[in-house]
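Protein sequence lines, in the order shown, are assigned to chains A and B.
Residue numbers 42 to 469, in our numbering, belong to the letters of the first sequence in order.
Residue numbers 42 to 469, in our numbering, belong to the letters of the second sequence in order.
All C-beta atoms in this analysis are idealised placements derived from N, C-alpha and C, irrespective of residue type, glycine included.
Have a look at the structure below, then the notes.
2 protein chains.
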Amino acid sequence: MTTPLRLGIAGLGTVGAEVVRILARSPDMIGARAGRPLQVVAVSARSRDKDRGVDLSPYDWEDDPVALARRTDIDVFVELMGGSDGPAKAATEAALERGAHIVTANKAMLAHHGQALAEAAEAKSAVLRFEAAVAGGIPVVKALTEGLAGNEITRVMGVMNGTCNYILTRMETAGLPYETVFQEANALGYLEADPSLDVGGIDAGHKLSLLASIAFGTRVAFDQMQLEGIERISIEDIRQAADMGYRIKLLGVAQRTADGLEQRMMPCLVPASSPLGQLEGGTNMVVLEGDAVGQIVLRGAGAGAGPTASAVLSDLIDVAREFRLPVFGQAAQTLADAPPSQSATPAPYYLRMSLQDKPGALASVAAALGNAGVSINRMRQYSHDDNAAPVLIVTHACARSDLDAALQALPDTGVVEGDPVALRIEEI
Amino acid sequence: MTTPLRLGIAGLGTVGAEVVRILARSPDMIGARAGRPLQVVAVSARSRDKDRGVDLSPYDWEDDPVALARRTDIDVFVELMGGSDGPAKAATEAALERGAHIVTANKAMLAHHGQALAEAAEAKSAVLRFEAAVAGGIPVVKALTEGLAGNEITRVMGVMNGTCNYILTRMETAGLPYETVFQEANALGYLEADPSLDVGGIDAGHKLSLLASIAFGTRVAFDQMQLEGIERISIEDIRQAADMGYRIKLLGVAQRTADGLEQRMMPCLVPASSPLGQLEGGTNMVVLEGDAVGQIVLRGAGAGAGPTASAVLSDLIDVAREFRLPVFGQAAQTLADAPPSQSATPAPYYLRMSLQDKPGALASVAAALGNAGVSINRMRQYSHDDNAAPVLIVTHACARSDLDAALQALPDTGVVEGDPVALRIEEI
């Protein structure tokens, strides 16, 4: 089969430019693996004049990505613009309308419109692939849809936002407060234009919602995810956690429970000696658990031009090889509606609070927890110079609802200053 | 597409029985993912009467795997018998002769006959898949042939024999000598009938040779691998390595060098804090490095019925989905002959030897190393009660040929007792 696979690439940021560069540099290697040449026909981006360090003269230029998507001389529309709506969605829909294949890195678009886009693609027997949307260069979508396809998946976990992991790692190693490291990361260009996408856990949540859909055969349900960012993590929490043998990670967990689908993306304590605990800087890690395979751990760069381009190329080569797969691993029409689980799987929790220095203060906190059904595993009170004593509690495994009841009862004790910090401990 | 994919399964050990069990238990899940039913038509094994804990009555029985392979009512011949030659090879060839697809877990057969079998399969437009042959449930063949297909692979590393890793881990944690742990492992049934397949590094070497072929587009060249087992590793080496921040692993490394392809499977020291260093027990880990993606680490169970069956099912579902891929990722006819690299990439080495307790002994050893171009980074001499002093040396990075020259010169010093132990240090 030597008919070239003809590509239209929309979006020439670092990733798009890198895809063009690799295709121009290694046509023989990629052609040998794909079984046919991959040929860029036309490209589109906001500015035609910008120097991207790659020669665009061999390719047609389209100012409008929708016009690019509509060109009948391209087989695959490669969407690397980003954004959940706007031009990315309009162009993707236009390409699907005429039955072109889609390769995209756009997690936000798929988290919000994945079901509709998948149905549109499958109605036209087109493929829509998104390896680059989740965990950068780690072939995790492929591992779930194909590599572990013989398994009932029991749990998916992941640290999938490199910026958050960078911030948390840097806070620990440099002993710096959140705000300082956040500013550093911003200055280094690590943060999205809207930083809450990163530090609010939204970007990582988008990714988890896509993996959950594949893993559990359910419709993408990003709006049902429990989402909590890292903005409230203090250097004290990081130190205390380390002192007890834990690290704090923005950890995503998706699993089926008795009453539905649990999806959480929130800061958690994980054992410092575990693979997730040892993950540093911008590296991503995904943990997949299946009934036959047990636990599979995948680790690699979660972002960056090279790793993301690697994932885009993998998808393109699969399209060239005529691999035809439903978008989320099984026909979109057959994906189930999973009701959100009403309660998180029980777990131990880490609590940090300031207690007023009066007799009986600790006892009344312990009583408030006990009354809510939360029992204490470990407790430490630290020496202090002012009127408020830092107190640290690790509970036994308890239901989140019981913990919430306990947290609501704490102000009534009259001995707790401010809002306690409560973080889930994930023993993995 | 609702035409079932019809399977003939040869070999009903723990893996074969588990594949049958999962197909019987989860036909709907697997059918939904594969896009069509997977139907076992006939099976074959040595003994028909053995209780395998799975109901075989729905399937035809064939005493002869070659007869099973020749049945025209099966689309895929699933070879789970093992053995590089004999019935496994005869049956696989018979199936390929009539253009049936092959799914196999047989690393030995592919390490020895992979090129011929791949050419036979591709001549008939049949696929031959072997995910289960390498690193159990870890989808590493898929990661290399597909997930990282856009990369020039620069290096492949792996700990891929769970038994060796179990033995080395257990020696360290229990402080037991090799021979004792070897007997334990044998009693637990962890070892192959011919234990040298495990502890001699052959089984892991088979696996590495397959990954190297995919990674570098070269013909499988198991016979050109530098192979060294763990039989000579002593508890002293493990302790000394730990004392210097290293762990000893049976580590495979494949990489291109200026003059060819380097393939090594041998005990190495790796940093105790690295992902490879932290790998315990029977778990496998594969590290893949590509020019675009950087480093990808995959970790999971390397053996066992469930993980291996998971890999077999992944291959079967891919066949059902009509994924057509050359056996080693590109047409077998295009695979290059890679000359074995004449020299290993330079590395530091760990040396342990016994020195006679005479004046100038250490100096003459240092001189012998220096004369061969091997310079010393760290050296320790331990206190001792008898006439021979244990001495430990860590060299600076040097060529293996220089090290070998130094080792050959050591007896001439007249101060070294017995054979020194030399282990490569892989800084990863």
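Opening and closing residue of the alpha helix (DSSP H) in which residue i lies
| i | result |
| --- | --- |
| D239 of chain B | S237 to V240 |
| L451 of chain B | R441 to T454 |
| L410 of chain A | A402 to N412 |
| E277 of chain B | I276 to D284 |
Where the beta strand (DSSP E) containing residue i begins and where it ends
| i | result |
| --- | --- |
| H425 of chain B | Premise fails: H425 of chain B is in no beta strand (DSSP E) and is neither H nor E. |
| L310 of chain B | G301 to P312 |
| E458 of chain B | V457 to I466 |
| F171 of chain B | Segment: none, F171 of chain B is in no beta strand (DSSP E) and carries neither H nor E. |
| E120 of chain A | V117 to E120 |
Residues near residue i by beta carbon distance below 7 Å, same chain, minus five either side
| i | result |
| --- | --- |
| R111 of chain A | A135 and R139 |
| G258 of chain B | Q371, L376 and A377 |
| Y207 of chain B | A226, Y231, G322 and G323 |
| K130 of chain B | M150 and H154 |
| T454 of chain A | S405, V406 and A409 |
| T55 of chain A | A346 |
| R77 of chain A | M42, T43, T44, P45, L46 and A361 |
Residues that residue i contacts on chain D, provided the C-beta gap is smaller than 8 Å
| i | result |
| --- | --- |
| V338 of chain B | The structure shown has no chain D; the protein chains it does contain are A and B. |
Neighbourhood of residue i by C-beta distance below 8 Å, restricted to the same chain and skipping five residues each side
| i | result |
| --- | --- |
| L185 of chain A | I194, V197, L252, I255, A256, L329 and G370 |
| V360 of chain B | L46, D116, V117, H142, V144, V168 and R170 |
| Q383 of chain B | D300 and G301 |
| S355 of chain A | E172, P180 and K183 |
| S442 of chain B | S384 |
| L189 of chain A | L329, G331, V334 and I337 |
| N192 of chain B | G331, D332, A333 and V334 |
| M420 of chain A | L403, A407, V432, L433, I434 and V435 |
| L444 of chain B | Y390, A413, V415, T436 and A463 |
| T214 of chain A | none |
Same chain only: Cβ atoms within 6 Å of residue i, ignoring 5 sequence neighbours per side
| i | result |
| --- | --- |
| V432 of chain B | M394, L396 and Q422 |
| A176 of chain A | M201, N325, V327 and G343 |
| D244 of chain A | N202 and L238 |
| G341 of chain A | G178 and I179 |
| R93 of chain B | L53 and A58 |
Simplified DSSP assignment, three categories, for residue i
| i | result |
| --- | --- |
| V334 of chain A | coil |
| K148 of chain B | helix |
| A346 of chain A | helix |
| Q319 of chain B | coil |
| G140 of chain A | coil |
| K290 of chain B | strand |
| A430 of chain B | strand |
| L53 of chain A | coil |
| T43 of chain A | coil |
| V415 of chain A | coil |
| A129 of chain A | helix |
| G155 of chain A | helix |
| A352 of chain A | helix |
| A438 of chain A | coil |
| A176 of chain B | coil |
Buried or exposed (CB count within 10 angstroms, at least 16 for buried), residue i
| i | result |
| --- | --- |
| D278 of chain B | buried |
| Q296 of chain A | buried |
| E458 of chain B | exposed |
| Q156 of chain B | buried |
| D239 of chain A | buried |
| P452 of chain A | exposed |
| H437 of chain A | exposed |
| S98 of chain B | exposed |
| A379 of chain B | buried |
| T349 of chain B | buried |
| Q449 of chain A | exposed |
Residue i beta carbon near the ligand NAD (any heavy atom closer than 8 Å)
| i | result |
| --- | --- |
| A58 of chain A | Among the components of this structure there are no ligands whatsoever, and the ligand NAD is therefore not found. |
**Item:** Ranges of the beta strand (DSSP E) found wholly within the region 55-114 of chain A, counting only runs of at least 3
**Value:** 79-85 and 101-103
**Item:** Sequence ranges, alpha helix (DSSP H) only - wholly within the region 185-266 of chain B, length at least 4
**Value:** 203-215, 219-228, 237-240 and 243-257
**Request:** Please go through the region 357-400 of chain B and give each complete beta strand (DSSP E) segment of 3 or more residues, from N-terminal end onward.
**Result:** 390-397
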